[in-house]
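Chemist: After the structure tokens below, expect a handful of questions from me.
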Amino acid sequence: MIRRSLGRFALLLLVILGLGLLWSELSRPIDPDASLQIIFLDVGQGDAVYLRSPEGRTVLIDGGRPTRLVAGYLDDLGVAQLDLVIASHADADHIGGLVEAIARFRPRFFMDNGVPHTTQTYQRLLESVDTAGSQYLEATERQLELGTLTLQILPPPRFNDDQNDNSIGVVLSYGDFRAAFLGDATTRTQRYWLSHYQAHLIDLDLYKAAHHGARTGDTPEIMATLRPTKVVISVGANNTYGHPARQALESYASVGARIYRTDLQGHVSVVVESGGNAITLTGAFPTQQAPWARAVKRLSDLLALF
Amino acid sequence: MRFTIDRFEESWAVLEDDSGDSFPLPRRLLPAESQAGDILQVRVLHGHNRSLVILTRDPGATERQRTQAEALLARLRTKKADPGGDLKL
């Protein structure tokens, strides 16, 4: 009788302790300003990713096509200046919005793939960088540190002058958290990187779908190495080109990755705390998240696993 | 008037006009040897019931534009020399 009562008491104690721990976790608001922010901006058919380190260092990778959209988003985010702008390659759906963003936020550093294009958009981009006085950085194999954030640059292979083939790859590291942004890299560019820099690309926490999920990019073979937990596809609603392709979606599904899409969900924001805990929000920029919203989000993340 | 081929996407070409605006056009409507980066001269012949649009590759204009872009890139490279290697920004 006494043993049974003691057993029930111990069980009750464990349940109370568990609930207490759960409550303390749920009631702790996220402070985006003290975390790494990765925001996939909704630019329609194109790419634009904004990064902010916990120390306030800012990076913009690509700027979508519309000329003023990204600069407006940066205003909304309260950005005063950019530290680094990377143009993954010179196609207009990646650099169109950079012209205005560079003119307004005068990045200290600018990097592109070094493969000149003949469009007016590309010429305006370079003129904007020139006027802003940004330091040009070559896209060589190198690491760029911005506070506690490290960007490993994967250089364009230069086996021809094709813009997609010569995308710049960027692998972000923050503690144990790792994310990769490979521009519009084609399958052969990805294979080149995997043959030279595979250590940077395995077991990713977050992955930006290459080339908006086109069938020329991600494959089950590539995904089997990258093994991303989450994939974000930056793509326009009802786009002319049929992105994302069924083959790409199947490649993400083949590794069990959770898929987010800017055409369906708007901005996709990932907030990474110093311990590596990553929270994903859709349709909004990160703000200090209310405990109840965090609890709902956690629950939906949990249910998504099934 | 002239268009520049910004890129190809599946069966589409994305063309840029002189103002920097871009639009897709079926790839099969372009000259057979067209490549991304080509500048195309546009000539329109208007009739009563139809108009004829002629797109002609212009290698000379393409080369001049590429040279101009390379010069701009070279200017950025020399204006502030890249120290190279790993950097703390």
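These protein sequence lines are chains A and B, in that order.
With my numbering as the guide, the letters of the first sequence map in order to residues 5 to 310.
With my numbering as the guide, the letters of the second sequence map in order to residues 19 to 107.
We treat Cβ as the ideally placed atom computed from N, Cα and C, and that holds for glycine.
1) Which whole-angstrom value is the C-beta distance of A:Gly173 and A:Ala183, which I expect to be below 8 Å?
2) To the nearest angstrom, report how far apart A:Thr135 and B:Leu94 are at their CA atoms.
3) Please check the pair B:Asp76 and B:Leu105, which I expect to be a contact at CB under 8 Å, by giving their CB distance rounded to whole angstroms.
4) Measuring alpha carbon to alpha carbon, tell me which of A:Glu104, A:Phe113, A:Gly100, A:Ile106 ends up nearest A:Asp121.
5) Would A:Ala96 pass as an interface residue toward chain B - the criterion being a Cβ-Cβ separation below 8 Å?
6) For A:Ile237, does the three-state DSSP call read helix, strand or coil?
7) Does the separation of the CB atoms of B:Arg1 and B:Ala31 fall below 8 Å?
8) Taking C-alpha atoms, which residue in A:His200, A:Phe163, A:Leu208, A:Asn164 lies nearest to A:Phe185?
9) DSSP state of A:Met115, grouped into three classes?
10) Report the rounded CA-to-CA distance for A:Asn243 versus A:Leu18, giving the unit in angstroms.
11) Helix, strand or coil: which one does DSSP assign to A:Val47?
12) With DSSP as the reference, label B:Pro44 as helix, strand or coil.
13) Output the residue ranges of the beta strand (DSSP E) runs that lie fully inside the segment 51 to 130 of chain A and measure 3 residues or longer, sorted by chain position.
14) Output, in chain order, the set of chain B residues within a Cβ distance shorter than 8 Å of A:Gly246.
15) Compare the C-alpha of B:Ala89 against each of A:Phe181, A:Asp166, A:Gln127 and name the closest.
16) Can you give me the start and stop residues for the alpha helix (DSSP H) that B:Glu81 sits inside?
17) Can you list the residues of chain B that A:Tyr140 reaches, using a CB-CB cut of under 7 Å?
18) Check A:Gln269 in the structure and name its three-state DSSP category.
Modeler: So, from the listed chains and residues:
1) No, A:Gly173 and A:Ala183 are not in contact; Cβ-Cβ is about 12 Å, not under 8 Å.
2) Rounded to the nearest whole angstrom, the CA to CA distance from A:Thr135 to B:Leu94 is 10 Å.
3) Not really, about 41 Å apart at Cβ, beyond 8 Å.
4) The sequence shown places His at residue 121 of chain A, rather than the Asp named in the question. Cα-wise, what sits closest to A:His121 is A:Gly100.
5) yes
6) strand
7) Nothing can be reported for residue 1 of chain B: it is not among the residues displayed for chain B, which extend from 19 to 107.
8) A:Leu208
9) strand
10) 53 Å
11) coil
12) strand
13) 53 to 56, 62 to 65, 88 to 90, 113 to 115
14) Result: Glu28.
15) Considering only alpha carbons, the answer is A:Gln127.
16) 77 to 97
17) Leu94, Arg95, Lys98, Asp100
18) Of the three classes helix, strand and coil, the one that applies to A:Gln269 here is helix, per DSSP.
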